[in-house]
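This report concerns only the one structure given below.
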Ligand SMILES: Nc1ncnc2c1ncn2[C@@H]1O[C@H](COP(=O)(O)OP(=O)(O)OP(=O)(O)O)[C@@H](O)[C@H]1O
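Numbering (my numbering), first residue to last: 60 to 297.
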């Protein structure tokens, strides 16, 4: 299924129903002759509980889309709203705070810390923030169970398979109950069956936890699990 970027705008625009919204976003990278339009007037609205896949070839702008949607990069023009907050109107410091609070990232490389167990990976940010209480511990255990890693809760990354590492990364991203979940190529390291499982798990968690989820990939086989699929070509979404 491929739908047009504006089709769902009106439906998702009612107050309170917006998880993520990009309006007329453009991102230019590099200068002068080497300047590249990584995002070209992109509009995208994702409601809470909705799972959107963005499919496109290498270099089409998918990583740029996640960087801008997640507040890691300021767009050259256009606006980004997350859970009712205009990300693009915030200072760098405020944007970082909003990112930590409202956005969960699942990156291609799961970025797990080698010395920590699965459970510790989830609890670390709360430990640093001195917010490590019984509620947080219970939430970590619930998420570890949701991604099927209870038997691996005490394992360190080198003791896990690629798929298990990805699931640990997903559980960690969900720890803050983010409004928006941004996923980069979850399937690249995995075989077909495991890829489909990973994507199904992300779809399930999106619906259960009402996150507005965007997953970018060049694997068209994942499309079935998504509520909507967009194509990215030369920085344009259609
Ligand atoms: N820092 C940069 N300076 C200049 N151009 C850049 C920079 N980063 C990315 N680009 C260019 O912007 C375009 C979009 O890149 P982007 O990484 O978003 O694509 P992608 O679809 O995620 O690719 P891949 O699937 O290979 O990760 C590409 O043409 C890329 O070469």
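Think of the CB as a built atom: it goes at the ideal place given N, C-alpha and C, for glycine as much as any other residue. Just so we're clear, the structure is a prediction, and the values are computed from it rather than from any experiment.
Between the segment 95 to 102 and the segment 77 to 86, the count of C-beta pairs closer than 8 Å reaches three or more; the two stretches touch. When the five nearest sequence neighbours on each side are left out, the beta carbons in the same chain lying within less than 7 Å of the beta carbon of residue 137 are those of 81, 82, 83, 84, 85, in order along the chain.
When the five nearest sequence neighbours on each side are left out, the beta carbons in the same chain lying within less than 8 Å of the beta carbon of residue 238 are those of 78, 79, 107, 141, 142, 161, 162, 270, 271, in order along the chain. By the CB criterion at 8 Å, residue 215 and residue 175 fall inside the cutoff. Contact annotation, residue 157 with residue 144: C-beta distance approximately 6 Å; criterion of less than 8 Å satisfied. The beta carbon of residue 166 sits closer than 6 Å to the beta carbons of 243 from its chain, once the five residues preceding and following it are set aside; these are given in chain order.
Residues close to ligand 1 by the beta carbon criterion (under 5 Å to any non-hydrogen atom) are, from first to last along the chain, 88, 89, 95, 97, 117, 118, 119, 120, 121, 122, 123. Judged by beta-carbon spacing, residue 263 lies beyond the 8 Å limit of residue 114, meaning their Cβ atoms are not closer than that value. Per DSSP, reduced to three states, the secondary structure at residue 234 is coil, with no helix or strand assignment. Counting of Cβ neighbours within 10 angstroms places residue 292 among the exposed residues, the total staying below 16. Annotation for residue 199: the continuous alpha helix (DSSP H) segment containing it runs 193 to 205.
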